[in-house]
Amino acid sequence: MKQEIQCILKRYPHAGRDKLIPILQDVQEALGFISKESVVQIGEHLHLPASKIFGVATFYNQFRFEPVGRYHIQICRGTACHVKGSAAVLETIKRALKIESGQTTRDGMFSLEEVACLGACGLAPVIAVNGRFHAKITPEDIQGLLNTYRQKGESSDE
Numbered sequence: 024m025k026q027e028i029q030c031i032l033k034r035y036p037h038a039g040r041d042k043l044i045p046i047l048q049d050v051q052e053a054l055g056f057i058s059k060e061s062v063v064q065i066g067e068h069l070h071l072p073a074s075k076i077f078g079v080a081t082f083y084n085q086f087r088f089e090p091v092g093r094y095h096i097q098i099c100r101g102t103a104c105h106v107k108g109s110a111a112v113l114e115t116i117k118r119a120l121k122i123e124s125g126q127t128t129r130d131g132m133f134s135l136e137e138v139a140c141l142g143a144c145g146l147a148p149v150i151a152v153n154g155r156f157h158a159k160i161t162p163e164d165i166q167g168l169l170n171t172y173r174q175k176g177e178s179s180d181e
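Residue numbering for the sequence shown follows our numbering, starting at 24 and increasing by one per position.
As structure tokens, then:
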């Protein structure tokens with residue numbers, strides 16, 4: 024991981040504070056999340072305290088501080104999805120996986136994220152799993168959907 028971060032930082036020689044967001048984006052794209060180690064390395068490279076790096080990264084909801092699961096579930100919380108029952112779907116997923124939004128299951132199989140809008144209002148309520156949309160989802164659909172992904176995860180190396 025350290026070498027990957029160093030490779031990214033080499034693309035930003037003599038970088039200043041103005042390059043912090045692009046560096047964070049590149050690190051997250053490469054690693055899948057912003058690690059504590061990467062925050063320290065970025066701080067050293069930009070001559071900024073780790074607390075400043077972390078402060079900026081936590082301000083923007085695009086950055087994650089835990090790796091996402093093999094199956095990253097995004098649940099839309101936009102107006103159309105909210106009106107159509109996404110809150111109940113969210114609660115069902117949280118109960119079924121025993122995690123909160125922003126967390127990953129212990130086995131690394133699933134992670135859960137609430138998003139403001141997935142841009143698929145006509146499909147409300149909608150969730151995306153690794154970018155694949157599931158439309159008009161109900162709390163009753165969740166267990167079967169999770170089981171389908173569990174079976175995929177156990178039987179293949181997707």
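Every residue gets a Cβ at the ideal spot worked out from N, C-alpha and C, and that includes glycine.
Tell me the rounded alpha-carbon separation between residue i and residue j.
i: Pro148; j: Val62; result: 36 Å
i: Glu136; j: Arg34; result: 30 Å
i: Gly167; j: Thr81; result: 34 Å
i: Lys175; j: Leu169; result: 10 Å
i: Phe133; j: Phe77; result: 25 Å
i: Leu71; j: Glu60; result: 14 Å
i: Arg118; j: His37; result: 47 Å
i: Thr127; j: Glu89; result: 8 Å
i: Gly125; j: Asn84; result: 10 Å
i: Arg40; j: Glu177; result: 44 Å
i: Tyr172; j: Glu163; result: 16 Å
Here's the rule: buried if 16 or more other CB atoms are within 10 angstroms of the residue's CB, otherwise exposed. What is residue i?
i: Thr161; result: exposed
i: Gly101; result: buried
i: Ser74; result: exposed
i: Gln97; result: buried
i: Cys99; result: buried
For residue i, which residues from the same chain have a beta carbon less than 7 Å from its beta carbon, with the 5 sequence-adjacent residues on both sides left out?
i: Ile31; result: Ile46, Asp49, Val50, Ala53
i: Ala103; result: Cys144, Ala147
i: Phe86; result: Leu47, Gln51, Ile57, Ala80
i: His157; result: Val149, Ile150, Leu168
To the nearest whole angstrom, what separates the beta carbons of residue i and residue j, a pair I think is in contact under 8 Å?
i: Val79; j: Phe56; result: Going by Cβ atoms, the distance from Val79 to Phe56 rounds to 15 Å, so no, they are not a contact pair.
i: Val138; j: Tyr94; result: The pair is not a contact, with the Cβ atoms about 15 Å apart (cut-off 8 Å).
i: Thr115; j: Ile165; result: 5 Å
Just to confirm the assignment, what range does the alpha helix (DSSP H) spanning residue i have?
i: Val50; result: 43 to 54
i: Phe82; result: 73 to 82
Span of the beta strand (DSSP E) holding residue i?
i: Val138; result: 133 to 138
i: His95; result: 94 to 99
Output needed for residue i: all residues of its chain with C-beta closer than 6 Å, excluding positions within five of it in sequence on either side, in chain order.
i: Glu181; result: Confidence at Glu181 is low in this model, with a pLDDT of 49, below 50, so the placement of that residue should be treated as unreliable; the coordinate-derived value is given next. Within the same chain, Glu181 has no close Cβ partners at all.
i: Lys107; result: Ala147, Pro148
Looking only at its own chain, which residues have a Cβ that is under 8 Å from the Cβ of residue i, when we skip the five neighbours before and after it?
i: Leu43; result: Ile65, Leu69, Leu71, Ile76, Val79
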